[in-house]
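In the numbering used here, the protein residues as written are 370 to 435. No residue lacks a Cβ here, since even glycine has one placed at the ideal position from N, Cα and C. Note that the structure is predicted; figures quoted are calculated from it, not measured.
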Amino acid sequence: MKPVANTAKIIVGIILVTIGLIGGLIPIFQGWVFGIPGLMLLGSVYPPIRKWTQKIVEKVKKKMKS
């Protein structure tokens, strides 16, 4: 069951990131709403993406405290 779940996470994550990228190009469409969950799903399968998203979250937290 684990390989099927990982495959589903990868597929849904790629779809969400793609929608997020398209949304970044269209001014009316909010791409980050789809891009962030897509990166989170991909990060649960790929450790390098998880580390990258954690760095981004830490930067955002520091900026919000300032």
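Item, Value
"Beta-carbon gap between residue 386 and residue 400 smaller than 7 angstroms", "no"
"Cβ separation of residue 411 and residue 379, assumed to be a contact under 8 angstroms, to the nearest whole Å", "7 angstroms"
"Limits of the alpha helix (DSSP H) - the one that residue 416 falls within", "416-434"
"Residues near residue 409 by beta carbon distance below 7 angstroms, same chain, minus five either side", "422"
"Outcome for residue 403 when other beta-carbon atoms lying within 10 angstroms are tallied against a minimum of 16", "buried"
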